[in-house]
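Visitor: Residue numbers (this note's numbering), protein chains in the order written: chain A, 194 to 543; chain B, 7 to 471.
The beta carbon of each residue, even a glycine, is placed where N, CA and C say it ideally should be.
There's a structure below that I have some questions on.
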Ligand SMILES: Cc1cc2nc3c(=O)[nH]c(=O)nc-3n(C[C@H](O)[C@H](O)[C@H](O)COP(=O)(O)OP(=O)(O)OC[C@H]3O[C@@H](n4cnc5c(N)ncnc54)[C@H](O)[C@@H]3O)c2cc1C
Ligand code: SF4
Ligand code: SF4
């Protein structure tokens, strides 16, 4: 395999990442740890056959980026791992779960293989304008699973002139994270965005955000809902709520895009914020990203349960700004206590 | 010992499964992950097991003994000498899963732990009691107590508190044939027979596998303060250190950071506050408020005449400096992403008086071979870490590196020092051991090895044994 040997060699195998990698914490096997994954990448360049154990090692990385944040040598492991996944897929080496996931997404245009209308939650279609300043990119999770959050988000963004793509497709994130090509989705979404004339695309999903920002042509600005809300909160008629909440930093908003302060500003405009045991750059991953939830559900939920141990006492809600994190934390036992930032704002808007 | 045949392999895998259930692997990818540590010493194991109890370790070693299979203990694999690298194949016993803190006994100033406990986790558990386990390697956050004991590790505070050896009171060890012994008692001192505890400390997994350790712990000092003294030349800095020690002051840490190290630190995130430009010595003192203030005053006074600048730091600033210092050795590629730090010739030590001479020699070696060398380390106990960094894809640079490392090792021995102050011998430095200790002393080591591991199954090849 033709991997970036320079990047691989930058790792001095110091093992610092053993302390950080959330997957390793659950597994204990060196191959489930950042350093082990890098050693496997090196071995792949020397002829190691990509058997199922090798695929598991590389595919269990949630791409949380906490290793990148803490690596003394400045290595960026998730980038290397994603690149290896792409090469393996191009060689036809993938797990059954990977193959199923891509087949379903490519056939249906969404991560759930749903054939129903993506906009079923939208009661008044007349709100969709052909031209707009902003596009609200809903994403698969909120389109099909958290439709109330989608409705709350659109209700807020519409006030500022946002529309929705008439035939939005999956942003491509699950494909890209697991090594597949998502060009068809990128092109189609881009075409529709261009038709609206919007210069800014806003999304409430951290996965969509990273993908729109890093894997799409830079023809438009990408904003996350927390960024947008932080800028416009003073224009909303907000009531103070007698609540204490904590905030979970989604890896793809925080470490991948440095959006730490904006969601906190929004929360603090509404109620009290009590930080989790690890937060900001050091926030523990919910375990759901990088295709891990789809491919290794038990492992993913184990990590989510660890994350819930970080929740401080005496909070009414755990607020997050990513439906993937919300689903994982809910499924790990926190249930309806986990809400989207937008749902908190919706509670406070008079 | 020969490589195992396929049929024997299958039988052994089956037996290992019976002992540890699914905590065994023979998959090629996993074997690659256990090929070595942070050194350049590698070898592929045939199996990796992750035992959970002394009983399991004992059964595994009996199996190894019966079939003459090499057994290599491994902690976190952060070692720098290839101690845990299975250079002759066999079974790697990953001990990091035996990670329970079994007892914290403040009245007796002891903690009893399994070998896989991470040093920093032990310190977090001791903190509420106002106690700590003093040896503090830079790898504190990731290395295991078992690995530390087996290398007699030490760290920045060893200049005052000593090395791991000073803190081990009792070990539970599984011998090569599967027998289990205790080397000590739960007492702070004992004068009963050969000191087996000390024999196993630093034995690098060549004499037995540690499954439990009784450790002495110490009360945490109330205050710590740091003096940062900056010098024009590293040699000058070395001479000042000697003056400080001769005046009767014992700092709790005494570290040198040369110019290159400072450049690297400035590229770390978060960047510690060391605006100095030169060769810096960090003197830390601990104790009560008044004793530390007095020591800081004395150290500053002694540094003043020769230093470019002297200043004092404490609190979060000091913590930030130490945090960055701990991992600086691994951070060198921040200076030049085309280059990687190779841990070779990195741990020499000399009598403190010879430190200026050692620094000079290292500088000459690096200059002559035109190879960049960053110098940092525990100068207070004569331990200089030399970080050589090269483009690992360049063959010529590799050759220079090997030559430089060899010359550095020999320079330390010529100055009456050691090829390793704390990182151990492993395979990386095995060739120097007979020369350093002398052939007669080395033959005593061979006899000890033969007595305890007659079949030579425990970490074969390490320390030249
Ligand atoms: C960035 C960095 C900084 C470092 N700083 C320091 C420092 O300041 N001071 C210092 O002393 N070292 C330092 N080291 C080296 C290393 O971290 C230490 O030697 C550490 O103690 C090794 O612990 P480990 O758990 O990783 O052991 P491993 O590397 O896994 O093993 C070390 C040796 O111990 C043996 N072993 C492990 N467990 C057992 C057991 N249960 N029974 C018998 N034998 C066993 C192994 O066979 C091997 O020979 C540093 C390393 C790095 C990467
Ligand atoms: S922390 Fe960085 S350099 Fe160290 S082993 Fe992990 S990836 Fe490699
Ligand atoms: S990105 Fe996260 S899960 Fe992946 S190797 Fe790094 S720390 Fe582990």
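Quick one: Cα of residue 479 (chain A) to Cα of residue 306 (chain B), how far?
Guide: Residue 479 (chain A) and residue 306 (chain B): Cα-Cα distance of roughly 49 angstroms.
Visitor: Let me check you understand the geometry: is the CB of residue 90 (chain B) closer than 7 angstroms to at least one non-hydrogen atom of ligand 5?
Guide: Ligands displayed in this structure: ligand 1, ligand 2 and ligand 3; ligand 5 is not among them.
Visitor: Give me, in chain order, the residues of the same chain whose beta-carbon lies closer than 6 angstroms to that of residue 269 (chain A); leave out the 5 immediate sequence neighbours on both sides.
Guide: Excluding sequence neighbours, residue 269 (chain A) sits near 261.
Visitor: Identify the residues that DSSP records as bridge partners of residue 449 (chain A): which are they?
Guide: Bridge partners of residue 449 (chain A): none, in fact.
Visitor: Is residue 379 (chain B) close to chain A, meaning its C-beta is less than 8 angstroms from at least one C-beta of that chain?
Guide: Not closer than 8 angstroms to any Cβ of chain A, the Cβ of residue 379 (chain B) fails to qualify, so no.
Visitor: Within the present structure, is the beta-carbon of residue 145 (chain B) separated from the nearest heavy atom of ligand 1 by less than 7 angstroms?
Guide: Residue 145 (chain B): yes, Cβ under 7 angstroms from ligand 1.
Visitor: Using only CA atoms, which one of B:471, B:445 and B:447 lies nearest to residue 455 (chain B)?
Guide: The candidate whose alpha carbon is nearest that of residue 455 (chain B) is B:471.
Visitor: Would you mind sorting residue 284 (chain A) into buried or exposed? The rule is 16 or more other CB atoms within 10 Å of its CB.
Guide: When all chains shown are included, residue 284 (chain A) counts as exposed.
Visitor: Beta carbon of residue 257 (chain A), beta carbon of residue 332 (chain A): below 8 angstroms?
Guide: Cβ distance not < 8 angstroms, so residue 257 (chain A) and residue 332 (chain A) don't count as in contact.
Visitor: Could you pull the DSSP bridge partners for residue 383 (chain B) from this structure?
Guide: In the DSSP output, where bridge partners are listed per residue, residue 383 (chain B) has B:262.
Visitor: If you draw a straight line from the alpha carbon of residue 160 (chain B) to that of residue 295 (chain A), how long is it in whole angstroms?
Guide: Between residue 160 (chain B) and residue 295 (chain A), the C-alpha separation is close to 51 angstroms.
Visitor: Compute the minimum distance between the beta carbon of residue 553 (chain A) and the heavy atoms of ligand 2, and state whether it is under 7 angstroms.
Guide: With chain A represented from 194 up to 543, any question about residue 553 (chain A) goes unanswered, as that position is not in the structure.
Visitor: What are the residues of the stretch 209-223 of chain A that lie near chain B, defined by any Cβ-Cβ distance shorter than 7 angstroms?
Guide: The residues in question are 209, 211, 212, 221, 222 and 223.
Visitor: Using alpha carbons as the reference points, say which of B:175, B:216 and B:220 lies closest to residue 198 (chain B).
Guide: Ranking B:175, B:216 and B:220 by Cα distance to residue 198 (chain B) puts B:175 first.
Visitor: Go ahead and label residue 38 (chain B) buried or exposed: buried means 16 or more other beta carbons lie within 10 angstroms of its beta carbon, across all protein chains shown.
Guide: Buried is the call here.
Visitor: Smallest Cα separation from residue 91 (chain B): which of B:293, B:431, B:381 and B:410?
Guide: When each option's Cα is compared against that of residue 91 (chain B), the closest is B:431.
Visitor: Find out if the Cβ-Cβ distance for the pair residue 399 (chain A), residue 456 (chain A) is shorter than 8 angstroms.
Guide: Not closer than 8 angstroms, so no.
Visitor: Against residue 265 (chain A), what residues of chain B qualify as contacts under a CB-to-CB distance less than 7 angstroms, listed in chain order?
Guide: Under the 7 angstroms cutoff, chain B gives 333, 336 and 337.
Visitor: For residue 344 (chain A), which residues in the same chain have their Cβ closer than 6 angstroms to its Cβ, ignoring the five residues on either side in sequence?
Guide: Excluding residues within five positions, the ones whose Cβ falls inside 6 angstroms are 314.
Visitor: Within 8 angstroms (strictly less), CB to CB, does residue 233 (chain A) reach chain B?
Guide: Yes, residue 233 (chain A) lies at the interface with chain B (some Cβ there is under 8 angstroms from its Cβ).
Visitor: Any heavy atom of ligand 1 closer than 7 angstroms to the CB of residue 156 (chain B)?
Guide: Result yes, Cβ under 7 angstroms from ligand 1.
Visitor: Any beta-carbon of chain A closer than 8 angstroms to the one on residue 103 (chain B)?
Guide: Cβ-Cβ to chain A under 8 angstroms: yes for residue 103 (chain B).
Visitor: Cβ of residue 244 (chain B) versus every heavy atom of ligand 3: is any distance shorter than 7 angstroms?
Guide: Checking the Cβ of residue 244 (chain B) against ligand 3 gives no.
Visitor: Does the beta-carbon of residue 402 (chain B) have 16 or more other beta-carbons within 10 angstroms, so that it is buried, or is it exposed?
Guide: When all chains shown are included, residue 402 (chain B) counts as exposed.
Visitor: Can you tell me whether residue 80 (chain B) sits near ligand 1, meaning its C-beta is under 7 angstroms from at least one heavy atom of the ligand?
Guide: Because some heavy atom of ligand 1 lies under 7 angstroms away, the Cβ of residue 80 (chain B) counts as near it: yes.
Visitor: Cβ of residue 85 (chain B) within 7 angstroms of any heavy atom in ligand 2?
Guide: Residue 85 (chain B) Cβ: outside cutoff for every heavy atom of ligand 2.
Visitor: Pull out every residue of the stretch 284-307 of chain A whose Cβ sits closer than 9 angstroms to any Cβ of chain B, in chain order.
Guide: If the cut-off is 9 angstroms between Cβ atoms, the stretch 284-307 of chain A has nothing near chain B.
Visitor: What's the C-alpha gap between residue 144 (chain B) and residue 415 (chain B)?
Guide: Cα to Cα, the separation comes out at about 21 angstroms.
Visitor: Are there any heavy atoms of ligand 3 lying less than 7 angstroms away from the beta-carbon of residue 213 (chain A), as far as the coordinates show?
Guide: Within the cutoff, so yes.
Visitor: Ignore the nearest five residues each way along the sequence and tell me which others in residue 129 (chain B)'s own chain have a CB closer than 7 angstroms to its CB.
Guide: For residue 129 (chain B), where only same-chain residues beyond five positions count, the Cβ hits under 7 angstroms are 138 and 139.
Visitor: Determine the extent of the beta strand (DSSP E) in which residue 126 (chain B) is found, giving its start and end residues.
Guide: Premise fails: residue 126 (chain B) lies in the alpha helix (DSSP H), 125-132, not in any beta strand (DSSP E).
Visitor: Enumerated in chain order, which unbroken segments of the alpha helix (DSSP H) with a length of 4 residues or greater are wholly contained in the stretch 292-321 of chain B?
Guide: Correct list: 295-309.
Visitor: Looking at chain B, is there any beta carbon in it that lies within less than 8 angstroms of the beta carbon of residue 495 (chain A)?
Guide: With 8 angstroms as the cut-off, residue 495 (chain A) does not count as an interface residue toward chain B.
Visitor: Roughly how far, in whole angstroms, is the beta-carbon of residue 489 (chain B) from the beta-carbon of residue 387 (chain B), given that I think they are within contact range, below 8 angstroms?
Guide: Here chain B has residues from 7 to 471 only, and residue 489 (chain B) is not among them.
Visitor: Determine, for residue 340 (chain B), whether the minimum Cβ-Cβ distance to residues of chain A falls below 8 angstroms.
Guide: Closer than 8 angstroms to some Cβ of chain A, the Cβ of residue 340 (chain B) qualifies, so yes.
Visitor: According to DSSP, simplified to helix, strand and coil, what is residue 175 (chain B)?
Guide: Looking at residue 175 (chain B) - three-state DSSP - the assignment turns out to be strand.
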